[in-house]
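Counting from 1, one number per residue, gives the positions in the sequence shown under UniProt numbering. Think of the CB as a built atom: it goes at the ideal place given N, C-alpha and C, for glycine as much as any other residue. This structure is a prediction, so every number in the text was calculated from the model and none was measured. Comments concern the structure below.
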Amino acid sequence: MTSDAQNALRRIMEVYSKETRFCLICNYVSKIIDPITSRCAKFRFKPIKKELMFDRLKYIATQERVPIRDKALNSLISMTNGDLRSAITLLQSAAAMVLPLPKQLTNNQISQKNENENKKEKKEKEKEKETQMEIEIEKEDDENDDENEDEEVTISLIMEISGFVPPQVINEFIKTCKSNSYTNLVKKVKEVIYSAYSIQKILFELMNRIFEDSSLNNLQKSNICEKIAEKEHSLIDGADEFLQLLDLAACMASVFQQIK
Numbered sequence: 001m002t003s004d005a006q007n008a009l010r011r012i013m014e015v016y017s018k019e020t021r022f023c024l025i026c027n028y029v030s031k032i033i034d035p036i037t038s039r040c041a042k043f044r045f046k047p048i049k050k051e052l053m054f055d056r057l058k059y060i061a062t063q064e065r066v067p068i069r070d071k072a073l074n075s076l077i078s079m080t081n082g083d084l085r086s087a088i089t090l091l092q093s094a095a096a097m098v099l100p101l102p103k104q105l106t107n108n109q110i111s112q113k114n115e116n117e118n119k120k121e122k123k124e125k126e127k128e129k130e131t132q133m134e135i136e137i138e139k140e141d142d143e144n145d146d147e148n149e150d151e152e153v154t155i156s157l158i159m160e161i162s163g164f165v166p167p168q169v170i171n172e173f174i175k176t177c178k179s180n181s182y183t184n185l186v187k188k189v190k191e192v193i194y195s196a197y198s199i200q201k202i203l204f205e206l207m208n209r210i211f212e213d214s215s216l217n218n219l220q221k222s223n224i225c226e227k228i229a230e231k232e233h234s235l236i237d238g239a240d241e242f243l244q245l246l247d248l249a250a251c252m253a254s255v256f257q258q259i260k
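What follows is the structure in structure tokens.
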């Protein structure tokens, strides 16, 4: 909601607060204006545990007959970071790419079906025809099921739909930063930009990888993470993605050279 819309909501809350209770759900409390937050009691919900998310997603996949393995579910859970709503949305999008489209009845079939429901007595010939039609439809459904047995929701499909940055992209980027070649660095940054991955997600994955890098000390990690935070802030303000990512790559390259 924009600030103007929130100010309008504030007025509504003031007028009807005696007979109405308002429940606001948001991901970022900082985006809610102070007059509204001061009138509300804040409840913060922690990310859902992986075990609970796995059980719920497994239940949904079973009920909806979505072919997905446990490894793909675990990858889906790790990508969403405890957000069950986002995980269900990704699962639904992935299932739409795999499951066959439902068959739609024509207008003639719909009208015939309505007429058959209204009639109590039917002729024997019509019953035989309807029985044959049902058998043919069941055969077609069985054939479609056999064709789609090998199709399932895979890890690569989930990564493609979610826009998740593959680990090999991050590995190659860090490897190029360690190569001590500015020409290769520029080529790699252009390659990453042209791959159309979200720069924010790339920065997030780089930050996680820096945290796990045992070859860096705490000071070096803090320098890179501080630069990542600066680049993210600049991107939010509308800065050029290529220049910001190139500046970050140059900073990482200088830090890696200190190790040598």
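ask   = Do A94 and V153 have their C-beta atoms within less than 8 Å of each other?
value = Residue numbering aside, residue 94 sits at position 94 when the sequence shown is read from its first letter. Residue numbering aside, residue 153 sits at position 153 when the sequence shown is read from its first letter. Yes; because the gap between Cβ atoms is below 8 Å, this pair is in contact.
task = Tell me, please, which residues DSSP counts as bridged to V153.
result = On the sequence shown, position 153 is the one that residue 153 refers to. Note: V153 sits in a beta bridge opposite I68.
inquiry  = Between which residues of its own chain and A72 is the CB-CB distance below 7 Å, once the five residues before and five after are set aside?
reply    = Position 72 of the sequence shown holds residue 72. Answer for A72: V153, T154, I155 and I158, listed in chain order.
inquiry  = Is the separation between the beta-carbon of V189 and that of L245 shorter than 8 Å?
reply    = The count along the sequence shown starts at 1 and reaches residue 189 at position 189. The count along the sequence shown starts at 1 and reaches residue 245 at position 245. Yes, the pair counts as a contact, with Cβ atoms nearer than the cut-off.
message = According to DSSP, simplified to helix, strand and coil, what is S162?
response = Position 162 of the sequence shown holds residue 162. If DSSP states are grouped into helix, strand and coil, S162 belongs with the helices.
message = Distance check for M13 and R21, CA to CA, integer angstroms please.
response = Numbered from 1 along the sequence shown, position 21 holds the residue referred to as residue 21. Numbered from 1 along the sequence shown, position 13 holds the residue referred to as residue 13. Distance between the alpha carbons of R21 and M13 is about 8 Å.
message = Can you give me the C-alpha to C-alpha distance between L24 and L9, rounded to a whole angstrom?
response = Stepping through the sequence shown from its first residue, residue 24 is reached at position 24. Stepping through the sequence shown from its first residue, residue 9 is reached at position 9. Between L24 and L9, the C-alpha separation is close to 11 Å.
inquiry  = Measuring alpha carbon to alpha carbon, tell me which residue in Y59, N180, D240 and V192 is nearest P166.
reply    = Residue numbering aside, residue 166 sits at position 166 when the sequence shown is read from its first letter. For the options Y59, N180, D240 and V192, the alpha carbon positioned closest to that of P166 is the one of V192.
query = Taking the alpha helix (DSSP H) that S3 falls in, what are its first and last residues?
reply = In the sequence shown, residue 3 corresponds to position 3, counting from 1. For S3, the enclosing alpha helix (DSSP H) has its first and last residue at S3 to V15.
key: Range of the contiguous alpha helix (DSSP H) that encloses D237   = In the sequence shown, the residue the question calls residue 237 occupies position 237. Here D237 belongs to no alpha helix (DSSP H), and DSSP marks it neither H nor E.
task = Starting from the Cα of S195, find the closest Cα among Y182, F173 and E51 and give me that residue.
result = As a position in the sequence shown, residue 195 is number 195, starting the count at 1. The shortest Cα separation from S195 among Y182, F173 and E51 belongs to F173.
query = A253 and C177: beta carbons closer than 8 Å?
reply = By 1-based counting over the sequence shown, the position of residue 253 is 253. By 1-based counting over the sequence shown, the position of residue 177 is 177. It is a contact, given that the beta carbons lie within the stated cut-off.
key: As assigned by DSSP and simplified to three states, the class of K221   = Looking up residue 221 in the sequence shown gives position 221. Note: K221 maps to helix in three-state DSSP.
inquiry  = Could you give the first and the last residue of the continuous alpha helix (DSSP H) run that contains R209?
reply    = By 1-based counting over the sequence shown, the position of residue 209 is 209. That run of the alpha helix (DSSP H) goes I199 to E212.
request  = Let me know the secondary structure DSSP gives R56 once reduced to three states.
outcome  = Stepping through the sequence shown from its first residue, residue 56 is reached at position 56. DSSP, read as helix, strand or coil, puts R56 in helix.
query = Which term fits K31, buried or exposed, when burial requires 16 or more other beta carbons within 10 angstroms of its beta carbon?
reply = Position 31 of the sequence shown holds residue 31. Counting Cβ neighbours within 10 Å, K31 comes out exposed, since fewer than 16 surround it.
ask   = Whose C-alpha, out of A239, Q63 and L91, is nearest the C-alpha of N74?
value = Taking the first residue of the sequence shown as 1, we reach residue 74 at position 74. The residue with the shortest Cα to Cα distance from N74 is L91.
Secondary structure of A229, DSSP reduced to three states = Here residue 229 refers to the residue found at position 229 when the sequence shown is read from its first residue. Helix.
ask   = Going by C-alpha distance, which of C40, C225, V29 and M1 is nearest S17?
value = On the sequence shown, position 17 is the one that residue 17 refers to. Among C40, C225, V29 and M1, the Cα nearest to that of S17 is on C40.
query = Looking at the structure shown, is F256 part of a helix, part of a strand, or coil, going by DSSP?
reply = For this step, residue 256 is matched to residue 256 along the sequence shown. The answer is helix: DSSP assigns F256 an H, G or I state.
task = With distances taken Cα to Cα, identify the nearest neighbour of N171 among E212, Y182 and E160.
result = As a first step, residue 171 must be located in the sequence shown, where it is residue number 171. Cα-wise, what sits closest to N171 is E212.
C-alpha gap between I77 and Y197, whole angstroms = Walking along the sequence shown from the start, residue 77 turns up at place 77. Walking along the sequence shown from the start, residue 197 turns up at place 197. Answer to the nearest angstrom: the Cα atoms are 20 Å apart.
ask   = Are S214 and M79 closer than 8 Å when you measure CB to CB?
value = Counted from its first residue, the sequence shown places residue 214 at position 214. Counted from its first residue, the sequence shown places residue 79 at position 79. Cβ atoms of S214 and M79: not closer than 8 Å.
query = So V98 and E151 are in contact, right, with Cβ under 8 Å, and what is the actual spacing, rounded?
reply = Residue numbering aside, residue 98 sits at position 98 when the sequence shown is read from its first letter. Residue numbering aside, residue 151 sits at position 151 when the sequence shown is read from its first letter. The C-beta distance from V98 to E151 rounds to 5 Å, short enough to fall under 8 Å.
message = What does the alpha-carbon distance come out to for the pair N180 and F256?
response = In the sequence shown, residue 180 corresponds to position 180, counting from 1. In the sequence shown, residue 256 corresponds to position 256, counting from 1. Separation of N180 and F256 (C-alpha to C-alpha, rounded to the nearest whole angstrom) is 9 Å.
ask   = Is DSSP giving A41 helix, strand or coil here?
value = Your numbering for residue 41 matches position 41 in the sequence shown. Coil, per DSSP.
key: Collapsed DSSP secondary structure at L246 in the structure displayed   = The sequence position of residue 246 within the sequence shown is 246, counting from 1. Here L246 sits in helix by DSSP.
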